[in-house]
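Report on one structure; see the data block that follows.
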Amino acid sequence: MNCRSFQDRLAELHEGKLAADERRAVDAHVAACSGCREFVALLRLDVPAAGTVDLTSAVLERTSGAACVQAHEFLCDHVDRALERLDGELVTLHLAGCRDCSALAAALLRLSGDLPLLAELSPAEDFVAGVLARTTGRASRSRRLAGWAERAVLGLLARPRIAWEAGYVGAMAIWLAASVFGAPFHAELPLPGAEAPARYVRHLRGSVEAAGSRTWEVAGEAGLAAMKSGLRAGCRRTAAVFDEIGREGGELAQAAFRFDTGDASDALEELTQRARGAWEQRAAKGHENRDPND
Amino acid sequence: MTDLAPIVERCRAGDALAWEALVRRVQGRVYAVAFHYLCDAEEARDLAQEVFIKVYRSLDTFSGESFLPWLLRLGRNAAIDRLRRKKARPQTTELPAGAGSEIAAAGPSPEESWAAEARRRLVHRALQRMSEPNRELIMLKEIQGLDLEAIASLLDVPLGTVKSRSNRARLELARKVMELDPSYGST
Chain V
1314 MNCRSFQDRL AELHEGKLAA DERRAVDAHV AACSGCREFV ALLRLDVPAA GTVDLTSAVL
1374 ERTSGAACVQ AHEFLCDHVD RALERLDGEL VTLHLAGCRD CSALAAALLR LSGDLPLLAE
1434 LSPAEDFVAG VLARTTGRAS RSRRLAGWAE RAVLGLLARP RIAWEAGYVG AMAIWLAASV
1494 FGAPFHAELP LPGAEAPARY VRHLRGSVEA AGSRTWEVAG EAGLAAMKSG LRAGCRRTAA
1554 VFDEIGREGG ELAQAAFRFD TGDASDALEE LTQRARGAWE QRAAKGHENR DPND
Chain C
471 MTDLAPIVER CRAGDALAWE ALVRRVQGRV YAVAFHYLCD AEEARDLAQE VFIKVYRSLD
531 TFSGESFLPW LLRLGRNAAI DRLRRKKARP QTTELPAGAG SEIAAAGPSP EESWAAEARR
591 RLVHRALQRM SEPNRELIML KEIQGLDLEA IASLLDVPLG TVKSRSNRAR LELARKVMEL
651 DPSYGST
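Chains as they are written, first to last, in the working numbering: chain V, 1314 to 1607; chain C, 471 to 657.
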């Protein structure tokens, strides 16, 4: 064996992978060659870890500089295990050789567990009672009623024929008002303007006075008594109708609030038919010549 | 925190029992947010109550989004409004006595619970030393657990900005904690 073939086998010699006969040849050459003996001595030296770190720092200092700044940009994601594999390995290698960055990473890791402990603080034992006193109770009842009324109104408005039905109800309301208050609503309506109400009152007073005078002229005391009697009877009949309409109107309202469209529709139809019938009856009789006994 | 959506729906329907349950479930968070901004236990309690009143009155208009970010947004806006009226930065303060959450108190042993409480107070002191924007980011993301999208919407800043500022905030806090206790993280 010569020096060249010995040096070709140095790596295998260091790793202990030489075959037995090759090992004997190497040993024989080393015994005879001082230069190759020095190579073997170097292979057997233990290199201290600190030495490599100092070497790394020295090299970085003379080349790219310390990598801490770049490592800090990755530290949070590294702690969160959100880095790509290669980036993670690079950061891990840096942390292994940098005490400051390693401590910073440890602090970040600890903070990720400690910070959520600050999410909730206890205000006071009576805090909930104070909030409830200012929110629920009367406010809750009115809130429920408001919600109930809103749902009822929205349910009515969602009906397909609500415009027709609203028109019927409106006409019925106007007819009822006309029936209750009688003549004044058949008088000339006041003209718009600031003095319209005063003009209306004067007209109303004049109409009542004229009606009273005319009645006395025509019927006298007997006629007045009969008129009073007729008015009482008429009021009783009106009240009876009112009761019926009130009952049916009440059924309508109840059905609406129950959101029972079937019952509500039936009640409304009944009411509008009665209203239409009564209107036609009045139109046929003619209200100007109506018999006070009716 | 388990899903609050079913409880919130009941509250919207006027269920008083659900409202009480909701108040009990989130009172700690609302108070913690108020205390973070105001740094005063009494004022924070008062503000927390006001926030709940607002929540109660606004339940009709709440729909579609996640409840917790909406709640925290209400709390944050209320706190900032109050700070603007006061026109003075609140003084730093310690955590209120006895204000520890059940999580911190539920350690495996008394020693560990005590150690966790000590670390909690240390972190709170470090938080007080941070810059306000970074402290708010830590509070919203790391403490209250809002995701980056919710924070970006709340603060009206781009998502990328929130992420990079969030990382810088965490590093700042870690350094502040280590200034107070160099062994933090190693124990």
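For each residue, glycine too, the CB sits at the ideal point set by N, CA and C.
Quantities reported herein were computed from a predicted structural model and do not represent experimental measurements.
Is any beta-carbon of chain B found at less than 8 Å from that of residue i?
i        : result
C/ILE523 : This model lacks chain B altogether; the protein chains it does include are V and C.
Looking at the C-beta of residue i, does it have a partner C-beta in chain C at a distance below 8 Å?
i         : result
V/THR1449 : yes
V/PRO1503 : Model confidence at V/PRO1503 stands at a pLDDT of 46, short of 50, so the residue's coordinates are unreliable; what they give is reported in the following sentence. No, because no Cβ of chain C sits closer than 8 Å to the Cβ of V/PRO1503.
V/VAL1343 : no
V/PRO1473 : no
V/GLY1468 : no
V/GLY1401 : no
V/CYS1414 : no
V/PHE1498 : With a pLDDT of only 46 at V/PHE1498, under 50, the local geometry of the prediction cannot be trusted, and no value is derived from it.
V/LEU1407 : According to the sequence as given, residue 1407 of chain V is His; it is not Leu. Not closer than 8 Å to any Cβ of chain C, the Cβ of V/HIS1407 fails to qualify, so no.
V/CYS1389 : yes
V/VAL1339 : no
V/LEU1373 : no
Out of the options, which one is the CA nearest neighbour of residue i?
i         : options                                       : result
V/MET1485 : V/ARG1587, V/ARG1350 and V/LYS1330            : V/ARG1587
C/SER656  : V/LEU1445, V/GLY1519 and V/CYS1414            : V/CYS1414
V/VAL1353 : V/ALA1333, V/ALA1384 and V/PHE1319            : V/PHE1319
C/ALA639  : C/TYR654, C/LYS611, C/ALA622 and C/ASP651     : C/LYS611
C/HIS506  : C/VAL496, C/ILE613, C/ARG555 and C/SER528     : C/ILE613
C/PRO476  : C/PHE537, C/SER528, C/ASP530 and C/GLN519     : C/PHE537
V/LEU1417 : C/LEU474, C/CYS481, C/LEU487 and C/PRO652     : C/PRO652
V/ASP1393 : V/LEU1424, V/GLU1438 and V/VAL1372            : V/LEU1424
C/ALA548  : C/ALA596, C/SER634 and C/GLU513               : C/GLU513
C/ARG552  : C/GLU520, C/ALA622, C/GLU582 and C/SER583     : C/GLU520
V/TYR1481 : V/THR1376, V/LEU1581, V/SER1347 and V/ALA1333 : V/LEU1581
V/HIS1385 : C/LEU641, C/PRO603 and C/VAL647               : C/LEU641
Can you tell me whether residue i is buried or exposed, with buried defined as 16 or more other CB within 10 angstroms of its CB?
i         : result
C/ILE523  : exposed
C/PRO539  : buried
C/SER492  : Contrary to the premise, residue 492 of chain C reads as Leu rather than Ser in this sequence. Flag for C/LEU492 reads buried.
V/ALA1345 : exposed
V/CYS1381 : exposed
V/ALA1471 : exposed
C/TRP489  : buried
C/ILE550  : exposed
C/LEU629  : exposed
C/GLY484  : buried
C/GLU535  : exposed
C/LYS556  : exposed
V/LEU1373 : exposed
V/LEU1504 : Low confidence applies here, because V/LEU1504 scores a pLDDT of 46, under 50, leaving its location unreliable and the question unanswered by this model.
C/ARG515  : buried
C/GLU619  : exposed
C/ALA574  : The predicted position of C/ALA574 is uncertain, since its pLDDT is 45 and thus under 50; no value can be drawn from it.
V/LYS1330 : exposed
V/THR1449 : buried
V/PHE1498 : Residue placement at V/PHE1498 is flagged as unreliable, the pLDDT there being 46, under the threshold of 50; a coordinate-derived value is accordingly withheld.
V/PHE1427 : In the sequence on display, residue 1427 of chain V carries Asp and not Phe. Burial call: buried.
C/LEU517  : buried
V/PRO1436 : buried
Indicate whether at least one CB of chain V lies closer than 8 Å to the CB of residue i.
i        : result
C/ILE573 : Note that C/ILE573 has pLDDT 43, beneath the 50 cutoff, so the model's placement of it is unreliable and the number below is only indicative. With 8 Å as the cut-off, C/ILE573 counts as an interface residue toward chain V.
C/ALA644 : yes
C/GLY534 : no
C/GLY498 : yes
C/TYR654 : yes
C/PHE505 : yes
C/ASN604 : no
C/LEU641 : yes
C/ASN637 : yes
C/ILE477 : no
C/TRP584 : no
C/TRP540 : no
C/GLY615 : yes
C/GLU513 : no
C/MET600 : no
C/ILE608 : yes
Leaving out the 5 sequence neighbours to the left and right, which residues in its chain are closer than 7 Å to residue i when beta-carbon positions are compared?
i         : result
V/ARG1317 : none
V/LEU1396 : PHE1387, ASP1390 and VAL1404
V/GLU1593 : none
C/LEU643  : ALA596, LEU597, MET600 and ILE608
V/GLU1421 : According to the sequence provided, residue 1421 of chain V is Leu. The question's Glu does not apply to it. Same-chain partners within the cutoff: LEU1388, CYS1389 and VAL1392.
Apart from the five residues on each side of it in sequence, which residues of its chain come closer than 6 Å, Cβ to Cβ, to residue i?
i        : result
C/GLN497 : none
C/SER636 : LEU607 and LYS611
Given residue i, which residues of its chain have a CB within under 8 Å of its CB, disregarding the five upstream and five downstream residues?
i         : result
C/LEU542  : ARG499, VAL503, LEU610, GLN614, LEU616 and LEU624
V/ILE1487 : none
V/ALA1608 : There is no way to answer for residue 1608 of chain V, as the model of chain V reaches only from 1314 to 1607.
task = Could you tell me which uninterrupted alpha helix (DSSP H) segments, each at least 4 residues in length, are contained entirely in the segment 1319-1360 of chain V, listed from first to last along the chain?
result = 1323-1328, 1333-1345 and 1347-1356
4 or more residues per run - each alpha helix (DSSP H) lying fully within the segment 506-540 of chain C = With a minimum length of 4 residues, the unbroken runs of alpha helix (DSSP H) contained wholly in the segment 506-540 of chain C fall at 511-528.
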